[in-house]
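Taking it in order: structure first as structure tokens, then the write-up.
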Amino acid sequence: MSDDTRETLPLATAAQVRSEIRLALKGGTGKVVGVVILLTLGSAAGLATPWALGALVDAVAEGTATHDADRIWLLAGIIAAGALFAALFDGLGQVGATRLVERVLASTRERMVARGLALPRAALERAGAGDLVSRAGDDVAVIAESAPYVVPAVTGSAFTIATTVVGIAVLDWRFAISALVLVIPIYAWTLRWHRRNAPQIYEAERAAMATRAHHLLASLRGIETVHAFGLSGPHGKRILLASWAVSIWAVRARTIINGFFARINLAEFLGMSSILVVGFWLVREGHGTVGAATTAMLFFLRLFGPINELMFVVDELQSSLASMRRIVGVIHANEYTAAERPAPGDAAADATGVRFEYLPGHPVLDDVSLRIGPTETVALVGSSGAGKSTLAAIVAGVLDPGSGTVAGTAALVTQEVHVFDGTLRENLDLVKPGATDDELLAALRRVRAESLLNLPDGLDTGIGDRGTELTPAQAQSLALARIVLLDPPLAVLDEATSEAGSADSAALDHASVAALDGRAGLLVAHRLDQAAKADRIVVMEKGRIVEEGVHEDLAAADGPYARAWSLWTRGRS
């Protein structure tokens, strides 16, 4: 699917993000209140040091410092106590705030992964697996990396700014007015400029990362085909172009950051200048003292630090919020929820008038109807591209039809069997949690998986990437054993025994028959000898059913199946 036709998973609204945060913090109101109290106490205690320093300057200026030692020691004690309690309360508050954010992130990540795993395959086909992988990887990493820095800055700075502004106003309202009148408009202008330009750039950068991941995953998944047909050049070019797109957006993001910091530096210059001018005027006119001016400047410097920190992390915050919208967007992807399918009545599955398109105007299936009896085995045959696998996926419930109705769902086994990194037992009981060892062994024996039964450590043998590597035949036996354990009313085998090789094909054919015993089956057969053993054969061409019946009748008729059977048997005579 091209970049022009591929959709993306939705982005969450601000209201949905807030709702997700409230849900994650449910039951933690007391902890939130405790964090607020600690941060407020820490900010208030931090005012003691600059106030005491200002009083000390006045004592020196008045010449009382040498005569009033008790006052000097008192001020020194206030400075020490203020610094100690400010650090203690602020530290405890920051730890509490960080833990609350980690709680939100963990809850949101778990809900996103659960929702992502439940997304219909059609949604992933339209969006590309790279979009979901990027959200589960890149976006979670952005928040996880920035949270330890952003959360303390935002929470601590907010309370420090509030208490310090009050302290400046109490000291002399003219200091507060002179500084804030100049500084606040610049900060407001800077934030508006940043909010107007930054979010869409960060979201575009994340989307470019998703496109790059999509092309990379597509190339890695089809690496054998890429090598076989000499497609390294075209695939490499796609990845190169996608990587350049990421780089371009990264440069634009850096430009935003530089412009942001330049505006902050302007606010710093104007704020300090206003404090100095007002302080000089007040002292000259006899309306204030040098100590008061010193305290005001120290207050302002203390104010400017958290304001700067808060402004600096706005960039990180915008980036994190962009990632949060993408993560929560998966959780709230309600439009991708698979429709509930009705019960098929006395059949295992019943599809009527099914039409399906991967690309608009290019139907893969057109007005297809198929009914499968409760214990009937139906084989789908036809040339490559006839629509067999798509019909099988729709019957299994993996894909939703564009139009038409489908009743019933099934378990699907394809030729690409995934073996999870773990033990043989873990790979089996994931379809039936709590299954006993006897049940697991019985399922393996039923599909004649002798090679799996004879693994060195039995059910405790490690398999997958970091364990024993299974052969294609063993992996397909594992998949058939999962069908036995799951015990669905209908199993769909999409060329599930096609990759085993001639030496194992006969054994796997017997295993698939054993797995389907007592239930309905839909086989996408690439070998006609498999189809010949089915209760009914359905022949497809160009997205339509052109012929169906039992093997003997179809082989004797003058139709597509008879001609294919003739070629099949002639090549093996």
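If you're matching positions, the sequence shown starts at 15 in my numbering and goes up one per residue. The beta-carbon is built from N, C-alpha and C at its ideal position, and this holds for glycine as well. Predicted model, so just to flag it, every value in this text is computed and none were measured.
The three-state reading of DSSP puts F434 in coil, since its state is none of H, G, I, E or B. For H249, no beta strand (DSSP E) segment is defined; the enclosing uninterrupted segment is the alpha helix (DSSP H) at S246 to R298. For the pair A128 and V154, the Cα-to-Cα distance works out to about 14 Å. With respect to the 8 Å criterion, S288 and T174 are not classified as neighbours on the basis of their beta carbons. In this chain, the beta strand (DSSP E) harbouring H376 covers H376 to I386. Closest in alpha carbon position to Q429, among L438, A493 and A202, is A493.
Out of G476, A111 and L537, the CA that lies nearest to the CA of F434 is found in G476. Distance check between F314 and each of L185, R460 and R577 places L185 closest, using alpha-carbon atoms only. Membership of T404 in any beta strand (DSSP E) is not indicated; the residue belongs instead to the alpha helix (DSSP H) covering K402 to A410.
Taking every protein chain shown into account, the CB of L331 has 16 or more other CB atoms within 10 angstroms, so this residue is buried.
V392 carries a strand assignment under DSSP once its states are collapsed to helix, strand and coil. The beta carbons of E561 and V553 sit closer together than 8 Å. Between A463 and S491, the gap from beta carbon to beta carbon is short of 8 Å. Collapsing the DSSP output to three states places G448 in coil. Taken in chain order, the complete beta strand (DSSP E) segments of 3 residues or longer contained in the stretch 484–552 are 504–508 and 534–538. Taking L106 as the centre and dropping the five residues before and after it, the same chain places the C-beta of L52 closer than 7 Å to its C-beta, in chain order.
Of the candidates A222, L88, I92 and I182, the residue whose Cα lies closest to the Cα of D152 is A222.
It is roughly 8 Å from the alpha-carbon of F294 to the alpha-carbon of A307. Using a Cβ distance threshold of 8 Å, L25 and R340 count as a contacting pair. Fewer than three Cβ pairs drawn from the stretch 541–556 and the stretch 466–486 lie within less than 8 Å of each other, which leaves the two stretches out of contact.
DSSP places T27 outside any alpha helix (DSSP H), giving it a letter other than H or E. Take the alpha-carbon of Q108 and the one of V115: they are about 11 Å apart. Per DSSP, V368 is one residue of the beta strand (DSSP E) stretching across A363 to L373.
Per the DSSP secondary-structure output, V427 pairs in a beta bridge with L507. Between the alpha carbons of N279 and V156 lies a distance of about 26 Å.
Closest in C-alpha terms to I408, from the list L426, G399, T391 and S397, comes L426.
Between D381 and E217, the alpha-carbon positions lie close to 40 Å from each other. Shown here, S397 sits in coil according to DSSP, grouped into three states, outside any helix or strand. As a beta-bridge residue in DSSP terms, S417 pairs with R369.
Inclusion of S334 and S160 in the CB contact set at 8 Å is warranted, their separation being smaller than that value. Annotated three-state conformation of R355 is coil, per DSSP. Nearest to L133 by alpha-carbon distance, out of V147, A400 and S121, is V147.
If you ignore the 5 residues before and after V378, its C-beta comes within less than 7 Å of the C-beta of F370, E371, Y372, G401, T404 and G557, all in its own chain and listed in chain order.
With contacts defined as CB atoms closer than 8 Å, E219 and V179 fail to qualify as a contacting pair. Non-local beta-carbon contacts of F99 in its own chain, meaning distances under 6 Å to residues more than five positions away in sequence, involve A59 in chain order.
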